[in-house]
Amino acid sequence: MRSLPARWAALAGRVDGATPADRDRSVDALRALAILGVVLGHWLVTSLTSTDGGLRGGSPLAHMPWLAPVSWVLQTLAVFFLVGGHVAAQGYASARARGVGYGSWVRLRLGRLFRPVAAVLALWAVVAGGLLLGGARLDTVRTLLRLVWSPLWFLLVFAALTAATPLVVRLNPLWPALVVAAVDVWRFGLGGPEWIGWVNVAAGWLVPYTLGAAWARGAFARRRPALLLLGGGAAGAAALVLWGGYPASMVGVPGAAVSNLNPPTAAAVAFGLAQCGLALLARGPLARAMRRPRTWAKVALMNLSAMTVFLWHQTAMMSVTALGLLVSRDLPGLHTVPGTAGWIAARLLWLPVFAAALAVCWAAFHTYERAPRPRKAAGTPRERLPATMREITHA
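In my numbering, each residue's number is its place in the sequence shown (first place is 1) plus 1343.
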């Protein structure tokens, strides 16, 4: 029997060999990094504190605002929308060239997003009902459900932009950026209603999405536009935080008067522009790294389960937290108030446990992300590949 490293090397070689030569692997690498940033960000800045027989949500950013730079590294949604816009624009153009209609194209794209959502909602409907019947406090159940459902807003916005790809694919990113700025001026400068800020949920994420579409059209073939995005976005975000009154954290902080993320503000959009510029500049080094079969295989497999990882990572964290209550109601970094550097050190030690729990969730639910298999398999070498490898070559 071959050793595990040997088996992995063989699989990596097969995945590498099955990948089309013209595939831009840096795109997959950027998507994987974006998902990894979201997962680590949630695991590091979300806490469930055991209080009065229940669980209450919190964040170390509320107690230690000097941790705000962590959010600059791990809030990577702009990169995900950048890649999403790029892939959707290319995919739609390819579909049209093959004679595939919009309806067929969008059903395929959205099906990949929403099939795994059904499994999450079904499981948590049962769990929530069981907790309430078992005597759990309503505020505890509400806290848990909020953590499960909060990522779904991202999928709804992403799905809406995907469906609108034919309309927005040639939209200049400047226009949604101006909408974000106008909404913020009305909201913060002219005393406008708070609800107007939710216009920026669409406009704010449309900015990186349309940048991705521009990338698909060849707008970033040279480094200069990406450098301008990085420099201009970073300068704009810094100015808005230092002199515009925007919070330094690029994620929401419990108890804060303003969140840069819910809904997105001009500071978050400027920061996202800088992130997109950096991502575009990193394409070359990432492409070179992806030439290594083992590295590419990890990224390819991560991309196949991107939605599963995204949807279930909070459940993994909450499962570990709940099981920890069976041992103690005061485990450091798990149930304690996130107010000291000791909490950070303890939370870092819990990350491998969260990852193990996520692996269990992946094993149970990753099949919901798979596209339905064709009824008949053709006889070409690529079509005779295992299902997972076929999806890698077409994802």
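Backbone N, C-alpha and C fix where the C-beta goes; we use that ideal spot for every residue, glycine too.
Residue environment, residue 1720, which counts as buried when at least 16 other CB atoms sit within 10 Å: With a pLDDT of 44 at residue 1720, under the threshold of 50, the modelled position of that residue is not reliable, and no figure is offered here.
Those runs of the alpha helix (DSSP H) which lie wholly inside the stretch 1468-1552 and span at least 4 residues: 1481-1492, 1495-1506, 1508-1511, 1517-1527
Span separating the alpha-carbon of residue 1637 from that of residue 1513: 37 angstroms
Helix, strand or coil at residue 1737 according to DSSP, with G and I counted as helix: A caution first: residue 1737 carries a pLDDT of 45, below 50, which makes its placement in the model unreliable, though a value can still be read off. Reduced to three states, the DSSP call for residue 1737 is helix.
Beta-carbon spacing of residue 1640, residue 1354 below 8 angstroms: yes
Through-space distance from residue 1443 to residue 1762, alpha-carbon basis: Shown here, the chain extends from 1344 to 1738; a query on residue 1762 therefore has no answer.
Supposed close pair residue 1385, residue 1709 - CB separation, criterion 8 angstroms: In fact, because the Cβ distance is near 19 angstroms, the residues do not count as touching under 8 angstroms.
Unbroken beta strand (DSSP E) run spanning residue 1391, endpoints: 1390-1394
Residue 1406 vs residue 1556 beta-carbon contact at 8 angstroms: no
Cβ contact check for the stretch 1461-1480 and the stretch 1374-1388: 3 or more pairs under 8 angstroms: no
CA nearest to the CA of residue 1502, picked from 1524, 1545, 1438: 1545
Where the alpha helix (DSSP H) containing residue 1435 begins and where it ends: 1420-1440
Proximity to residue 1365 [Cα-Cα], best of 1422, 1447, 1616, 1633: 1633
Rounded separation between residue 1400 and residue 1485 - CA only: 10 angstroms
Beta bridge counterpart(s) of residue 1607 as assigned by DSSP: 1604
Selection from 1454, 1476, 1493 that minimises the alpha carbon distance to residue 1506: 1454
Counterpart residues of residue 1400 in DSSP-defined beta bridges: 1391
Endpoints, the alpha helix (DSSP H) within which residue 1664 is located: 1649-1667
Proximity of residue 1422 and residue 1622 at Cβ, strictly below 8 angstroms: yes
Contacting residues, own chain, Cβ-Cβ under 7 angstroms from residue 1658 (five flanking each side not counted): 1491, 1704
Validate contact between the stretch 1512-1531 and the stretch 1603-1619 using beta carbons, cut 8 angstroms, 3 pairs: yes
Where residue 1374 falls: helix, strand or coil (DSSP): helix
Other residues of its chain near residue 1722: CB distance less than 7 angstroms, five sequence neighbours each side excluded: Confidence at residue 1722 is low in this model, with a pLDDT of 44, below 50, so its placement is unreliable and the value that follows should be read with caution. Cβ within range, chain order: n/a, list empty.
Integer Cβ distance of residue 1404 from residue 1411, believed to fall under 8 angstroms: 7 angstroms
Exposure label - residue 1347; buried when at least 16 CB within 10 Å: exposed
Cβ neighbour criterion (16 or more within 10 Å) applied to residue 1695: exposed
Coarse secondary structure for residue 1591, derived from DSSP in three states: coil
Secondary structure of residue 1678, DSSP reduced to three states: coil
Contact belief for residue 1593 with residue 1605 at Cβ below 8 angstroms, rounded distance in angstroms: The pair is not a contact, with the Cβ atoms about 11 angstroms apart (cut-off 8 angstroms).
Start-to-end residues for the alpha helix (DSSP H) that takes in residue 1412: 1411-1417
Neighbour-count burial assignment, residue 1515, 16 or more Cβ in a 10 Å radius: exposed
Segment limits, alpha helix (DSSP H) that includes residue 1359: 1347-1361
Straight-line gap, residue 1649 to residue 1425 (C-alpha atoms, nearest Å): 15 angstroms
Close beta carbons around residue 1549, own chain, < 6 angstroms, minus the five adjacent residues each side: 1519
Pairwise C-alpha distance: residue 1474 and residue 1616: 43 angstroms
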